[in-house]
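Heads up: the protein sequence lines correspond to chains Y and G, in order.
Per numbering that gives the first Met the number 0, residue 0 is the first one in the first sequence, and the count goes up by one each step.
Per numbering that gives the first Met the number 0, residue 0 is the first one in the second sequence, and the count goes up by one each step.
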Amino acid sequence: MSARANLALLRAEVGKVWASPILEITVALMAVMTLMSVQPITELVRHSDFSSVFRSAVMGSVSATAASLMLPWVIMCGVLMALSFARDYESGLMQSVLSTPVSRKTFFTVKFFAVVLPLMLLSWLLTTFFVGLSFYSDLLMVLRFSLCVLPVSFLSLMFCGGLGVLVALVVKRTIPAVLTSLLANFFIWYPANIDTEWLLREGVGYVNYLCLTPHEGALVFLDRLLGIVPMGISQIEDALQFTLSTSSFAVLLIFYACVLVIPLFVYFIRRFEVCE
Amino acid sequence: MGEVIGEFKSVTKRFGSAVALDGLNLKICRGINGLIGPNGAGKTTAIRLSLGLIKPDAGCAELFGLDCWNNSLAIRGRVGVLYEKLAFYDNLSGLEQLRLMAKLKGASDSVVKLRKLLCLVELDESAHGRRVGGYSAGMRQRLGLAQALLGKPELVILDEPTANLDPLNRAKILDLVVFLSREHGISFLISSHILPELEKVCDNFILMNKGKLLRQGVLEQMLDKSSLLSVVKFVVRVQPIEAVAALLGDEGYVEDLLVIDDSLHVTVKDATLFKQRLPLLVGQVGASLDEVRMVRSDLESVFKSAVTEKGA
Ligand SMILES: Nc1ncnc2c1ncn2[C@@H]1O[C@H](COP(=O)(O)OP(=O)(O)OP(=O)(O)O)[C@@H](O)[C@H]1O
Ligand SMILES: [Mg+2]
Chain Y
0 MSARANLALL RAEVGKVWAS PILEITVALM AVMTLMSVQP ITELVRHSDF
50 SSVFRSAVMG SVSATAASLM LPWVIMCGVL MALSFARDYE SGLMQSVLST
100 PVSRKTFFTV KFFAVVLPLM LLSWLLTTFF VGLSFYSDLL MVLRFSLCVL
150 PVSFLSLMFC GGLGVLVALV VKRTIPAVLT SLLANFFIWY PANIDTEWLL
200 REGVGYVNYL CLTPHEGALV FLDRLLGIVP MGISQIEDAL QFTLSTSSFA
250 VLLIFYACVL VIPLFVYFIR RFEVCE
Chain G
0 MGEVIGEFKS VTKRFGSAVA LDGLNLKICR GINGLIGPNG AGKTTAIRLS
50 LGLIKPDAGC AELFGLDCWN NSLAIRGRVG VLYEKLAFYD NLSGLEQLRL
100 MAKLKGASDS VVKLRKLLCL VELDESAHGR RVGGYSAGMR QRLGLAQALL
150 GKPELVILDE PTANLDPLNR AKILDLVVFL SREHGISFLI SSHILPELEK
200 VCDNFILMNK GKLLRQGVLE QMLDKSSLLS VVKFVVRVQP IEAVAALLGD
250 EGYVEDLLVI DDSLHVTVKD ATLFKQRLPL LVGQVGASLD EVRMVRSDLE
300 SVFKSAVTEK GA
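Right, dumping it as structure tokens:
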């Protein structure tokens, strides 16, 4: 099939997935979540006479900002992916398109990226914008953040999207698939919201491993890319978050990005049956 | 029957405990094929299977000599299909939807040609630019039909193509099918429950029930094999008419005999025997046989009898 045809299919898919009011809801959700995490106090602290140690602790709130920003993109990715696959299956559109000479590879890839790419762009724009609001005086830092958040959000989105597809291909019914995907993605995101620093200092053992979960891992990786080591963590010598290298986190994220998507892709092109 | 372009060989397909196709054997021929059977017979499943959307549990299905599951991409390039469940990109206009499908099929996406195609399936010009989401059921069916005809397919599969159309438009669509088949050499496989319509247009019939083939062939073959032959009527034009009528009256398989104008209207219990005996009888009295025509070539009665037969 020609590139022109692929592009036409991508355009149609993006148009369908992001048709009003989905785009508006996503932007509003992201904006609300981000606004809640904008911390004007950050700027006050940075320009006052506090010690550099304290300042670096406040810098840590960049990733804290990203943590709550992450929730809408995680949820929307899971929901939209499940919606896109399950609704097309149920309505018979998948059957129609897969009866034209569109390969299953193309179809899967196009559907997947019709959700992931716009979300990545949105999350990138919005996070950069709102982090920029919090840290406006340090443009270099905002720029660095903006560059780093792109690959991190991409890898996280691959994982949430994979989860959404998995749910859709198993459940095959639109509403149940959407709800299941929403809950699954929320619970997998949840560890990213736990204050690991405090719990670690309290000696709660399992917390040490939370940084290996997909989204907390992504945030730690983001911190590492930005050169931030949260104060508290650096004092706990055996914290995995502290001892594991940046590249280990990169590998972990790439692993999560592929662990669902690749087997699902292979399953979809080799075995999946469209019987509705 | 024309050249065979597709074949199912002992195809079995189960969905959990439900058996949708049960060792189905059938042949799709060049020309217009009618696929008939009661609800749940497995018609739609057979259609999905032939486009590689589902994989047979056993047996194999082929179109144009290619395996339907392993070579589905090549097959899909040569087949157009209209499913009973119609689904489109509802946010696009009819013309945009058709244009997208044309691109996916590698067909010409010139707007002029696409508009022509939409007019061919009688989709009103004022609807071309409107959102498909706002189309009526009949309009969706027409758009689906236009989609199935895109890009010069060799075979067009239509699953209940006239279900949502009014009688006038049903006839128009069927005329179009006949025209495309005769003039452009496109073969059709049409699944429908409106048997009198199929009877008029189809060259070959495939009757199935509970995932199995019951009968297949041209209409006469179907009727011959039917146990319900008592209802078959023939019109015979023969000269001199009285002599032949007298002879036929003595034949045991003849149920009823009428002379209307210059032809004999014969109702027989056994069509095969009738067709064997008639030339002999005509020969006996030295008459000339001008025409033998089946009148009530009733697909519906074949359908009923075959489906209600024991073990069917
Ligand atoms: N996806 C599916 N899951 C479970 N069972 C299915 C599925 N698709 C078909 N079946 C079953 O397979 C059998 C054949 O169904 P199919 O849709 O092929 O029938 P059909 O001949 O097209 O009927 P109709 O004339 O009502 O359209 C039915 O018993 C149906 O319940
Ligand atoms: Mg059906």
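Glycine included, every Cβ here is placed at the ideal spot set by N, Cα and C.
Item, Value
"Residues with C-beta closer than 5 Å to any heavy atom of ligand 1, in chain order", "Cys274/Y, Phe14/G, Ala17/G, Ala19/G, Asn38/G, Gly39/G, Ala40/G, Gly41/G, Lys42/G, Thr43/G, Thr44/G"
"Cutoff 8 Å: lysine 15/Y Cβ touching any chain G Cβ", "yes"
"DSSP three-state assignment for valine 169/Y, whether helix, strand or coil", "helix"
"Rounded C-alpha distance that separates leucine 132/Y from phenylalanine 144/Y", "13 Å"
"Under 8 Å between C-beta atoms of glycine 210/G and aspartate 66/G", "no"
"At least 3 beta-carbon pairs within less than 8 Å: the segment 123–140 of chain Y vs the segment 210–217 of chain Y", "no"
"CB contact below 8 Å: tryptophan 123/Y versus chain G", "no"
"Simplified DSSP state of arginine 130/G, which is helix, strand or coil", "strand"
"Start-to-end residues for the beta strand (DSSP E) that takes in valine 250/Y", "First-last for valine 250/Y: 245–269, but that is the alpha helix (DSSP H), not the beta strand (DSSP E)."
"Within chain G, partners of serine 98/Y - CB distance below 8 Å", "Leu50, Leu52, Arg75, Val78, Val80, Tyr82"
"Nearest residue (CA-CA) to isoleucine 31/G, options Val234/G, Glu219/G, Val291/G, Ile205/G", "Ile205/G"
"Beta strand (DSSP E) segments (min. 3 residues) lying fully within the segment 194–256 of chain G", "203–208, 211–216, 231–238"
"Glutamate 272/Y (DSSP reduced to helix, strand or coil)", "coil"
"Pair within 8 Å by beta-carbon distance, serine 180/Y and methionine 80/Y", "yes"
"Residue-level contact to chain G via CB, arginine 172/Y, 8 Å cutoff", "no"
"For threonine 11/G, three-class secondary structure by DSSP", "strand"
"Simplified DSSP assignment, three categories, for valine 114/Y", "helix"
"Nearest-angstrom beta carbon gap, methionine 207/G and alanine 57/G [assumed within contact, 8 Å]", "Going by Cβ atoms, the distance from alanine 57/G to methionine 207/G rounds to 17 Å, so no, they are not a contact pair."
"Beta-carbon gap between leucine 23/G and leucine 212/G smaller than 8 Å", "yes"
"Which residues DSSP lists as bridging isoleucine 193/Y, in chain order", "Answer is none; isoleucine 193/Y lacks a bridge partner."
"Inter-stretch contact at 8 Å, needing at least 3 Cβ pairs: the segment 111–129 of chain G / the segment 76–84 of chain G", "no"
"Enclosing alpha helix (DSSP H) for glutamate 215/Y [first to last residue]", "213–225"
"Environment of proline 152/G [buried if 16+ CB atoms lie within 10 Å]", "buried"
"Supposed close pair isoleucine 240/G, leucine 263/G - CB separation, criterion 8 Å", "6 Å"
"Classification of threonine 161/G by the beta-carbon crowding that lies within 10 angstroms, buried from 16 upward", "buried"
"Euclidean distance between Cα positions of phenylalanine 186/Y and arginine 200/Y", "24 Å"
"Which listed residue (Val130/Y, Trp123/Y, Phe129/Y) has its alpha carbon closest to that of valine 148/Y", "Trp123/Y"
"Within-8 Å CB hit, lysine 112/G to chain Y", "no"
"Among Asp108/G, Leu188/G, Val200/G, nearest to alanine 170/G - alpha-carbon criterion", "Val200/G"
"Beta-carbon separation (whole angstroms), valine 273/Y vs tyrosine 88/Y, contact threshold 8 Å", "7 Å"
"Within the segment 23–66 of chain G, ranges of the alpha helix (DSSP H) (whole runs, at least 4 residues)", "42–49"
"Residue nearest to phenylalanine 106/Y in terms of C-alpha spacing, selected from Ser83/Y, Ile74/Y, Leu121/Y", "Ser83/Y"
"Assigned exposure category for leucine 228/G - 16 Cβ within 10 Å defines buried", "Note that leucine 228/G scores 43 on pLDDT, short of 50, meaning its location in the model is unreliable; the coordinates nonetheless yield the value given after this. When all chains shown are included, leucine 228/G counts as buried."
"Any non-hydrogen atom of ligand 2 closer than 7 Å to alanine 290/G Cβ", "Before going on, a small fix: residue 290/G reads as glutamate here, not alanine. No - ligand 2 has no heavy atom lying nearer than 7 Å to the Cβ of glutamate 290/G."
"Within 8 Å of chain G by C-beta, residues of the segment 102–124 of chain Y in sequence order", "Ser102"
"CA-to-CA distance, leucine 218/G to leucine 247/G, given in whole angstroms", "24 Å"
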